[in-house]
Amino acid sequence: MEAFTTHTGRAVPLRRGNVDTDQIIPAHWLKKVTRNGFEDGLFEAWRKDETFVLNLPERAGATVLVAGPDFGTGSSREHAVWALQNYGFKAVVSSRFADIFRGNSLKNGLLTVVLPQETVERLWKLTEADPTAEVTVDLVAREVRAEGITAAFELDDNARWRLLEGLDDISLTLANEGDITTYEAGRPAHKPSTVQL
Amino acid sequence: MGRTLAEKVWDDHVVRHAEGEPDLLYIDLHLLHEVTSPQAFDGLRSNGRVVRRTDLTIATEDHNTPTLDIDKPIADPVSRTQLETLRKNCAEFGVRLHPLGDVEQGVVHVVGPQLGLTQPGTTVVCGDSHTSTHGAFGALAFGIGTSQVEHVLATQTLPLARPKTMAITVGGALPADVTAKDLILAIIAKIGTGGGQGYVIEYRGPAIENLSMEARMTVCNMSIEAGARAGMIAPDQTTFDYLAGRDHAPAGEDWDAAVAYWKTLRTDDDAVFDHEVYIDGTSLAPFVTWGTNPAQGAPLSASVPDPASYDDPSDRLAAEKALEYMGLHAGQPLREVKVDTVFVGSCTNGRIEDLRAAASIVEGRRVAEGVRMLVVPGSVRVALQAVAEGLDKVFTESGAEWRHAGCSMCLGMNPDQLAPGERSASTSNRNFEGRQGKGGRTHLVSPQVAAATAVLGHLASPADLTDADARTAVEA
Ligand code: SF4
């Protein structure tokens, strides 16, 4: 996983709540067997509308998505995270993320930042008024900064450390493989097995 | 202090606990399907890793599989590649697979329970959010992303933060015409799509205890639509009776040991939930959704709400957008909403009891002119059972289409889709924009409401049907 320390870029204000993963990447894109090439599927239905914020020329190259509450609800598809990353987003700001989406994003190095809705509102106003306004997402200081806005955000120490270092979870777990083997030795015999009868 | 059901199952699976770190949790059962696994197997391959416990892993094909002409090559080359990739990966890594055409094939969340693999007190994961279904057995079951699929394949564990617990108590008895689907839709409308976020929900109370296993699965299935990590129901005699004698259920001494353990899986009287919700079961009625998220629902007897009636500005905006997308207007009685398609199926309502319920309503009646009704069993076993009971004939004689098992129109990854602007009554779990096909409009309903809707051509419950509907059928 790519490490995340701090990132500064222009933003896309997405004034929608409850953006579900079917909107982020529709199901027909899920037939792909790779982790890349999903950028054209990102918000596919909405992008047909040329006035959709992502289509506006001044938003080209923006890397921070500022979205409404309950972003990433619905299906567990990690493709939603890959689509955002493939498109070029490095961070997403919202007042509330769906659990699975958040877990997926942090495992891929896409920083999901939870800020109060009123801060999200201020970021929307700022970046709508000035598309060139830059937003800094600083994981070291756990802070989002933009003109006239400094907002602290929370992320637990362990998740932050893994992101800062770009650590791979599987290697971390396998470092404690002895614990897994010990646990397995004590599993009851009545637990299910998938071995074909 | 006592512990909740979820806490007991959690504690029994902690492999490693360290301050300031997520717990490392052991996974008893890992279910795979073609959509969320290819990148995970690629990850194993590129790191030279193997599947740690093939004996705790099982795969099936469901999302992409066609429901017609299953003996012919799959027409869509991309779908075909995805299925072929799963077959190749399972062969290479030694994972048991039930492919299209196999008697155990079906929607992953229907297959696990019917094989008896889903058991009380187990941890069950799958790269699919509706893994919450398996919580009906008192399992801690939740959906995971592809990186986590890879993690479980490689280590049979997952690092996870301990969830909070919520009790949803449903008191009283459900009225006779109210199903598990109506109940869960009403719960989601009450707590919202984010209401369960960060929680494992335990459904309890007399109305829950009276539900069959299949109905319990319908309830737990949609926990994710309230944002919850998982939904659970304490195992009881209904659970044990369902499991006894199934292929992978314990037998002999193991059965006795298992039941003794399963009986301990109840929330202690002095346990404290982080949050509690009470629902009066007697006050419920058949329920349908009118919007584009599963919380935007109302009793069938109600009208489409006025967005202006919402206090919260983002709810108001969401309702406005939803009505625009759905082509509905405030104040329109829900019963007058006409549909083009009725879909009976999915991991929410594609089991045998669901098909029996729908069949009993269309029997001797005709699907309305201009309405297409698709009946898609959740698994091949469900299909075989339905055929043995003659349900397939009941459906086809009424004008419905009887299809092969799979996810089908629940998400339209295969050819079963809504055309732009088409409207469905669907027994599935998501009414998101475009979920059943680009521009398609979905109303989530129970199998009973789906069947009555198919006969009348507009949203309806069985109580709306008259003998005259049956007579027309005979004359026709
Ligand atoms: S039936 Fe629908 S919800 Fe269930 S696993 Fe298939 S696509 Fe997902």
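Protein sequences appear in the order of chains A and B.
Residue numbers for the first sequence follow this note's numbering, so the first one is 1 and each next one is one higher.
Residue numbers for the second sequence follow this note's numbering, so the first one is 1 and each next one is one higher.
By construction, the Cβ of each residue, glycine as well, lies at the ideal position given by its N, Cα and C atoms.
Endpoints, alpha helix (DSSP H) assigned at residue i
{"i": "Arg-102/A", "result": "99-108"}
{"i": "Ala-189/B", "result": "180-191"}
{"i": "Arg-59/A", "result": "Note, Arg-59/A: premise wrong, no alpha helix (DSSP H); not H, not E."}
{"i": "Glu-225/B", "result": "Neither: Glu-225/B is in no alpha helix (DSSP H) and is coded neither H nor E."}
{"i": "Ser-94/A", "result": "Segment 91-94 is the beta strand (DSSP E) holding Ser-94/A; no alpha helix (DSSP H) there."}
{"i": "Leu-174/B", "result": "That residue, Leu-174/B, is in no alpha helix (DSSP H); it is neither H nor E in DSSP."}
{"i": "Val-199/A", "result": "The requested residue 199/A is not part of the displayed model; chain A covers only 1 to 197."}
{"i": "Thr-218/B", "result": "213-221"}
Three-way DSSP call (helix, strand, coil) for residue i in this model
{"i": "Ile-70/B", "result": "coil"}
{"i": "Lys-393/B", "result": "helix"}
{"i": "Gly-378/B", "result": "coil"}
{"i": "Leu-117/B", "result": "coil"}
{"i": "Thr-157/B", "result": "strand"}
{"i": "Thr-292/B", "result": "coil"}
{"i": "Cys-407/B", "result": "coil"}
{"i": "Tyr-278/B", "result": "strand"}
{"i": "Arg-144/B", "result": "First, the residue type needs correcting, since residue 144/B is Ile and not Arg in the sequence shown. Coil, per DSSP."}
{"i": "Phe-71/A", "result": "strand"}
{"i": "Leu-197/A", "result": "coil"}
{"i": "Pro-13/A", "result": "strand"}
{"i": "Arg-16/B", "result": "strand"}
{"i": "Ser-76/A", "result": "coil"}
{"i": "Thr-131/B", "result": "helix"}
{"i": "Ala-463/B", "result": "helix"}
{"i": "Leu-65/A", "result": "strand"}
{"i": "His-190/A", "result": "coil"}
{"i": "Gly-252/B", "result": "helix"}
C-beta contact flag for residue i and residue j at 7 Å
{"i": "Gln-196/A", "j": "Arg-53/B", "result": "no"}
{"i": "Asn-431/B", "j": "Thr-289/B", "result": "yes"}
{"i": "Phe-153/A", "j": "Val-114/A", "result": "yes"}
{"i": "Leu-334/B", "j": "Ala-359/B", "result": "no"}
{"i": "Leu-29/B", "j": "Pro-188/A", "result": "no"}
{"i": "Ser-79/B", "j": "Lys-90/A", "result": "no"}
{"i": "Asp-55/B", "j": "Thr-173/A", "result": "no"}
{"i": "Ile-170/A", "j": "His-275/B", "result": "no"}
{"i": "Thr-8/A", "j": "Ala-80/A", "result": "no"}
{"i": "Ala-228/B", "j": "Tyr-199/B", "result": "yes"}
{"i": "Leu-115/B", "j": "Asp-247/B", "result": "yes"}
{"i": "Asp-70/A", "j": "Gly-103/A", "result": "no"}
{"i": "Trp-262/B", "j": "Pro-120/B", "result": "yes"}
{"i": "Leu-174/B", "j": "Gly-281/B", "result": "yes"}
{"i": "Ala-249/B", "j": "Leu-243/B", "result": "yes"}
{"i": "Val-66/A", "j": "Leu-126/A", "result": "no"}
{"i": "Ser-424/B", "j": "Val-339/B", "result": "yes"}
{"i": "Tyr-183/A", "j": "Val-394/B", "result": "no"}
{"i": "Asp-128/B", "j": "Gly-138/B", "result": "no"}
{"i": "Arg-216/B", "j": "Met-326/B", "result": "no"}
Identified DSSP bridge partners for residue i
{"i": "Lys-338/B", "result": "His-458/B"}
{"i": "Thr-165/B", "result": "Val-200/B"}
{"i": "Tyr-26/B", "result": "Thr-157/B"}
{"i": "Phe-287/B", "result": "Pro-299/B"}
{"i": "Ala-425/B", "result": "Val-342/B, His-443/B"}
{"i": "Ile-180/A", "result": "According to DSSP, which records beta bridges pairwise, Ile-180/A is partnered with nothing at all."}
{"i": "Ile-149/A", "result": "Ala-146/A"}
{"i": "Met-373/B", "result": "Val-342/B"}
{"i": "Trp-402/B", "result": "Val-375/B"}
{"i": "Gly-245/B", "result": "None, per the DSSP bridge assignment."}
Near the ligand SF4: residue i beta-carbon under 6 Å from a heavy atom
{"i": "Val-107/B", "result": "yes"}
{"i": "Cys-220/B", "result": "no"}
{"i": "Ser-360/B", "result": "no"}
{"i": "Leu-243/B", "result": "no"}
{"i": "His-130/B", "result": "yes"}
{"i": "Leu-174/A", "result": "no"}
{"i": "Cys-90/B", "result": "no"}
{"i": "Cys-347/B", "result": "yes"}
{"i": "Leu-411/B", "result": "yes"}
{"i": "Cys-407/B", "result": "yes"}
Extent of the continuous beta strand (DSSP E) to which residue i belongs
{"i": "Pro-77/B", "result": "That residue, Pro-77/B, is in no beta strand (DSSP E); its alpha helix (DSSP H) goes 77-93."}
{"i": "Met-232/B", "result": "230-232"}
{"i": "Leu-97/B", "result": "96-98"}
{"i": "Glu-198/A", "result": "The structure shown does not extend to residue 198/A, since chain A is modelled only from 1 to 197, so the question has no answer here."}
{"i": "Ile-58/B", "result": "57-60"}
{"i": "Leu-111/A", "result": "111-114"}
Cutoff 7 Å: residue i Cβ touching any chain E Cβ
{"i": "Asp-130/A", "result": "Reference to chain E is not applicable here, since the protein chains of this structure are A and B."}
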